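*Asks:* Following our numbering, the numbering of the sequence shown begins with 306 at its first residue and continues without gaps. All residues carry an ideal CB built from backbone N, CA and C; glycine is no exception. Computed from a predicted model, the values in this text were never measured in an experiment.
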Amino acid sequence: MKERLPVAHTFSRILSRRGFLTAGGAGLAGVLLGAAGAEVYEVEDGPCTSAQPDSDPNGSPDLHGNWEAVRDQFELRRDRVHMAGFLLASHPRPVRDAIETHRRALDADPAGYLHENGARLEGEVRDAAAHYLEASPDDIALTDSTTMGLGLLYGGLKLREGQEILTTVHDHYATANSLRLRAERTGAAVRWIGLYEDLATVSKDEIVGNLIEAVRPQTRVVAVTWVHSSTGLKLPIREMADALAEVNRGRDEDDRALLCVDGVHGFGVEDASVADLGCDFFVAGCHKWLFGPRGTGLVWGKPEAWPVASPTIPTFDGPAPGEWIGAHSYGNWWNAAAEGPLPMATAMTPGGYHSFEHRWALNAAFALHQNIGKPLVADRIHELNRRLKEGMAELSHVILRTPIDEELSAGITCFDTEGLSFEGAVPWLAERGIVASQAPYHTSYTRLAPSLLTSPEEVDETLDALRHLNSAFVQ
Ligand SMILES: Cc1ncc(COP(=O)(O)O)c(C=O)c1O
Numbered sequence: 306m307k308e309r310l311p312v313a314h315t316f317s318r319i320l321s322r323r324g325f326l327t328a329g330g331a332g333l334a335g336v337l338l339g340a341a342g343a344e345v346y347e348v349e350d351g352p353c354t355s356a357q358p359d360s361d362p363n364g365s366p367d368l369h370g371n372w373e374a375v376r377d378q379f380e381l382r383r384d385r386v387h388m389a390g391f392l393l394a395s396h397p398r399p400v401r402d403a404i405e406t407h408r409r410a411l412d413a414d415p416a417g418y419l420h421e422n423g424a425r426l427e428g429e430v431r432d433a434a435a436h437y438l439e440a441s442p443d444d445i446a447l448t449d450s451t452t453m454g455l456g457l458l459y460g461g462l463k464l465r466e467g468q469e470i471l472t473t474v475h476d477h478y479a480t481a482n483s484l485r486l487r488a489e490r491t492g493a494a495v496r497w498i499g500l501y502e503d504l505a506t507v508s509k510d511e512i513v514g515n516l517i518e519a520v521r522p523q524t525r526v527v528a529v530t531w532v533h534s535s536t537g538l539k540l541p542i543r544e545m546a547d548a549l550a551e552v553n554r555g556r557d558e559d560d561r562a563l564l565c566v567d568g569v570h571g572f573g574v575e576d577a578s579v580a581d582l583g584c585d586f587f588v589a590g591c592h593k594w595l596f597g598p599r600g601t602g603l604v605w606g607k608p609e610a611w612p613v614a615s616p617t618i619p620t621f622d623g624p625a626p627g628e629w630i631g632a633h634s635y636g637n638w639w640n641a642a643a644e645g646p647l648p649m650a651t652a653m654t655p656g657g658y659h660s661f662e663h664r665w666a667l668n669a670a671f672a673l674h675q676n677i678g679k680p681l682v683a684d685r686i687h688e689l690n691r692r693l694k695e696g697m698a699e700l701s702h703v704i705l706r707t708p709i710d711e712e713l714s715a716g717i718t719c720f721d722t723e724g725l726s727f728e729g730a731v732p733w734l735a736e737r738g739i740v741a742s743q744a745p746y747h748t749s750y751t752r753l754a755p756s757l758l759t760s761p762e763e764v765d766e767t768l769d770a771l772r773h774l775n776s777a778f779v780q
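#1: How long is the line joining the alpha carbons of R318 and H533, rounded to whole angstroms?
#2: Determine the contact status of L538 and L713, defining contact as a CB-CB distance below 8 Å.
#3: Rounded to whole angstroms, what is the Cα-Cα separation between A494 and D557?
#4: Can you say whether G555 is buried or exposed, counting buried as having 16 or more other CB atoms within 10 angstroms of its CB?
#5: By the DSSP assignment, the beta strand (DSSP E) with A446 in it spans what residues?
#6: With the cut-off set at 8 Å, would you say P755 and I686 are in Cβ contact?
#7: State whether the stretch 557-568 contacts the stretch 666-677, with contact taken as three or more CB pairs (one from each stretch) at a distance under 8 Å.
#8: Ordered along the chain, which non-local residues of its own chain (more than five positions away) have a Cβ less than 7 Å from that of E766?
#9: Would you decide whether R490 is buried or exposed? Buried here means 16 or more other CB atoms lie within 10 Å of its CB.
#10: Between the alpha carbons of A331 and E429, how many angstroms are there, rounded?
#11: Please report how far the alpha carbon of G460 lies from the alpha carbon of S483, in whole angstroms.
#12: Going straight from the alpha carbon of A433 to that of L540, what length do you get?
#13: Please state if the CB of R599 and the CB of H663 are separated by a distance shorter than 8 Å.
#14: Could you spell out the range, first to last residue, of the beta strand (DSSP E) harbouring L753?
#15: Nearer than 7 Å: is that true of the beta carbon of L570 relative to any heavy atom of ligand 1?
#16: Which two residues bound the contiguous alpha helix (DSSP H) that contains I512?
#17: Can you have a look at G631 and say buried or exposed, based on whether 16 or more other CB atoms are within 10 angstroms of its CB?
#18: Who are the Cβ neighbours of I709 in its own chain at under 6 Å, not counting the five residues just before and after it?
#19: Name the DSSP bridge partner or partners of F586?
#20: Below 7 Å, is the gap between the Cβ of A389 and the nearest heavy atom of ligand 1?
#21: Taking Cβ positions, are T620 and T651 nearer each other than 8 Å?
#22: Comparing alpha-carbon positions, which option in R525, I498, P522 lies nearest I512?
#23: Distance check for Y418 and E347, CA to CA, integer angstroms please.
#24: Give the range of the alpha helix (DSSP H) segment to which A698 is assigned.
#25: What is the residue span of the beta strand (DSSP E) that L471 lies within?
#26: Where L438 and G454 are concerned, what is the direct C-alpha to C-alpha distance, given to the nearest angstrom?
#27: Which of the three DSSP states, helix, strand or coil, is assigned to T536?
#28: Look at L500 and L486 and say whether their C-beta atoms are less than 8 Å apart.
#29: Along the chain, where does the beta strand (DSSP E) that runs through W531 open and close?
#30: When you compare only the Cα positions, how much space is there between E502 and K463?
#31: Counting only the same chain and skipping the five closest in sequence on each side, list residues whose C-beta sits under 8 Å from that of H369.
#32: Return the chain-ordered list of same chain residues with a C-beta closer than 8 Å to the C-beta of R706, the five sequence neighbours on each side being excluded.
#33: Using only CA atoms, which one of D443, V527, A410, W665 lies nearest to W611?
#34: What is the rounded straight-line gap between the Cα of L457 and the Cα of M653?
#35: What separation, rounded to the nearest whole angstrom, lies between the Cα atoms of W531 and L768?
#36: Use the C-beta contact count for E575: other C-beta atoms within 10 angstroms, 16 or more gives buried, fewer gives exposed.
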């Protein structure tokens, strides 16, 4: 079949000048509500759209708090209780459709589709992310994962002689090893602290107090994780940011202690904007709670914080040749008369040809969450975890490790049992059709994560299984 190409766009043109709310809103509605007005891009086995997925012939369901309709968007096996979705997302239907649309178009004409649509599609993804985070698209770098974002951010921080990075013993491998690698490579000083004594008694005041006590005049970066995947503890990021703001009062801009957050297990769970959090950098993968395409992520930075970052991987985003002169852009890298650098969030978006069909389908995941409603998403995940925790608290052989307090917890519930080796718990639960996960940390608890894809009945089924864990394991 003959191709009808859409209006030309240049792949490397910056699209971030657009107002994100308007553009993002239009893009979002289009993704879920059908492809009205989208450009037609025909490929061999039928027409598909350049920006929007094939629309649902039966019309898109109203997902606003309609949990069965949300569950129906996924091809997750029905014979299992999925309590480990926080590791890696199953793609919901709008995401699958969008990936398929872009894949078919790329397979039909890789260079043509990329050159004609790439910049616009990437701009739409940035707009959707900005709309979701209530931020500016100009401050968002797109990555492939949390780990990539953390590695690029921490690896490239501009630190002056004597400045240090303060981090904690509670963070994930990705933060710990990004910092360790950074320290090995450049000699940067990294200091590890504990934020609390005991999960059973942990409080916001204790966490904030320990953090502030540890900050020194030379502390330039504070690297923490919003929701710990070791314990399910959620840090009070807002209170930490406010306390750091006090410390920073009177410091020069170049000496401010910047709060950098691995936000992946709060992202797609909590109803918070980046302004609500108050941090300086927010790093997350989009392929966990958010249900984005596998291999997607982002880094958001405050405009005044971005100058501390420096890119490692050259970006492909930026102006086209002859369009705008930028010192670090692909389009003009040969141009000795380069006049200035790219915006840092653009420069921090790694270049290289990659899995574009996944990157460009990411706005469908943001749209899905917005369609359900961020407050409802948060309420539902908290409600299910509360149910699980309250049920666990009644089981004398189960030690709930995650705080019951919802200000200090989110969607991950961790437990263990006195005197029990947990090597067997995850497979034992799996035999009963319950997918759990063992935390890959030195002190390792079993993790259950009720999500938008689990029902209250499935939480009860899990509790029923846990009731028998005692006789199965404890001698
Ligand atoms: C707290 C935390 N950060 C980062 C990661 C790694 O995420 P990604 O797969 O997006 O790199 C994980 C693992 O799932 C995690 O638990």
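*Replies:* According to the data block:
#1: Counting from one through the sequence shown, the residue named residue 318 turns up at place 13. Counting from one through the sequence shown, the residue named residue 533 turns up at place 228. Model confidence at R318 stands at a pLDDT of 30, short of 50, so the residue's coordinates are unreliable; what they give is reported in the following sentence. The alpha-carbon atoms of R318 and H533 are separated by roughly 38 Å.
#2: The count along the sequence shown starts at 1 and reaches residue 538 at position 233. The count along the sequence shown starts at 1 and reaches residue 713 at position 408. Yes, the pair counts as a contact, with Cβ atoms nearer than the cut-off.
#3: In the sequence shown, the residue the question calls residue 494 occupies position 189. In the sequence shown, the residue the question calls residue 557 occupies position 252. Taking the straight line from one Cα to the other gives about 20 Å.
#4: In the sequence shown, counting from the first residue as 1, residue 555 sits at position 250. So G555 ends up on the exposed side.
#5: Mapped onto the sequence shown, residue 446 falls at position 141. First-last of the beta strand (DSSP E) with A446: 445-448.
#6: Here residue 755 refers to the residue found at position 450 when the sequence shown is read from its first residue. Here residue 686 refers to the residue found at position 381 when the sequence shown is read from its first residue. Yes.
#7: no
#8: As a working mapping, residue 766 is identified with position 461 in the sequence shown. For E766, where only same-chain residues beyond five positions count, the Cβ hits under 7 Å are V386.
#9: Sequence index remark: in the sequence shown, residue 490 carries index 185 (1-based). It counts as exposed.
#10: Reading the sequence shown from its first residue, position 26 is the one you call residue 331. Reading the sequence shown from its first residue, position 124 is the one you call residue 429. In this prediction, A331 has a pLDDT of 31, which is less than 50 and means its spatial position is unreliable; nothing more can be read from the coordinates.
#11: For the purposes of this step, residue 460 is taken as the residue at position 155 of the sequence shown. For the purposes of this step, residue 483 is taken as the residue at position 178 of the sequence shown. Their backbone Cα atoms lie some 7 Å apart in a straight line.
#12: As a first step, residue 433 is located in the sequence shown; it is residue number 128 there, counting from the start. As a first step, residue 540 is located in the sequence shown; it is residue number 235 there, counting from the start. Cα-Cα distance, rounded: 26 Å.
#13: Translated into the one-based positions of the sequence shown, residue 663 becomes position 358. Translated into the one-based positions of the sequence shown, residue 599 becomes position 294. Contact: yes.
#14: One-based indexing of the sequence shown puts residue 753 at position 448. It spans 751-753 - the beta strand (DSSP E) in which L753 sits, taken as one unbroken run.
#15: By one-based count along the sequence shown, residue 570 stands at place 265. The sequence as given places His at residue 570; Leu does not occur at that position. For ligand 1, at least one heavy atom lies less than 7 Å from the Cβ of H570.
#16: Indexing the sequence shown from 1 puts residue 512 at position 207. 509-519 is the extent of the alpha helix (DSSP H) around I512.
#17: As a position in the sequence shown, residue 631 is number 326, starting the count at 1. In this prediction, G631 scores a pLDDT of 42, lower than 50, which makes its location untrustworthy; the coordinate-derived value is nonetheless stated afterwards. Buried, because 16 or more other Cβ atoms sit within 10 Å of the Cβ of G631.
#18: Counting from one through the sequence shown, the residue named residue 709 turns up at place 404. Result list for I709: K694, in chain order.
#19: Your numbering for residue 586 matches position 281 in the sequence shown. BP columns for F586 point to C565, G606.
#20: Working through the sequence shown from its first residue, we reach residue 389 at position 84. For ligand 1, not one heavy atom lies less than 7 Å from the Cβ of A389.
#21: As a working mapping, residue 620 is identified with position 315 in the sequence shown. As a working mapping, residue 651 is identified with position 346 in the sequence shown. Yes, Cβ-Cβ distance for T620 and T651 is below 8 Å.
#22: Taking the first residue of the sequence shown as 1, we reach residue 512 at position 207. Comparing Cα positions, the closest option is I498.
#23: The count along the sequence shown starts at 1 and reaches residue 347 at position 42. The count along the sequence shown starts at 1 and reaches residue 418 at position 113. With a pLDDT of only 44 at E347, under the threshold of 50, the placement of this residue in the model should not be trusted, and no figure is reported.
#24: Working through the sequence shown from its first residue, we reach residue 698 at position 393. Here the alpha helix (DSSP H) through A698 covers 679-698.
#25: The sequence position of residue 471 within the sequence shown is 166, counting from 1. Residues 469-473.
#26: Against the sequence shown, residue 438 aligns to sequence position 133. Against the sequence shown, residue 454 aligns to sequence position 149. So the alpha carbons of these two residues sit roughly 16 Å apart.
#27: Within the sequence shown, numbered from 1, the residue matching residue 536 stands at position 231. In the structure shown, T536 sits in coil (DSSP, three-state: anything other than H, G, I, E or B).
#28: Stepping through the sequence shown from its first residue, residue 500 is reached at position 195. Stepping through the sequence shown from its first residue, residue 486 is reached at position 181. No.
#29: Looking up residue 531 in the sequence shown gives position 226. Element bounds for W531: n/a, residue is neither H nor E.
#30: On the sequence shown, position 197 is the one that residue 502 refers to. On the sequence shown, position 158 is the one that residue 463 refers to. Their backbone Cα atoms lie some 32 Å apart in a straight line.
#31: Mapped onto the sequence shown, residue 369 falls at position 64. N676, I677, G678, L681.
#32: Position 401 of the sequence shown holds residue 706. So the list reads L504, T536, G537, C719, F720, D721, Y750, once near-sequence residues are dropped.
#33: For this step, residue 611 is matched to residue 306 along the sequence shown. Checking every option, the nearest Cα to that of W611 belongs to D443.
#34: Stepping through the sequence shown from its first residue, residue 457 is reached at position 152. Stepping through the sequence shown from its first residue, residue 653 is reached at position 348. So the two alpha carbons sit approximately 8 Å from each other.
#35: One-based indexing of the sequence shown puts residue 531 at position 226. One-based indexing of the sequence shown puts residue 768 at position 463. Taking the straight line from one Cα to the other gives about 27 Å.
#36: Residue numbering aside, residue 575 sits at position 270 when the sequence shown is read from its first letter. So E575 counts as buried.
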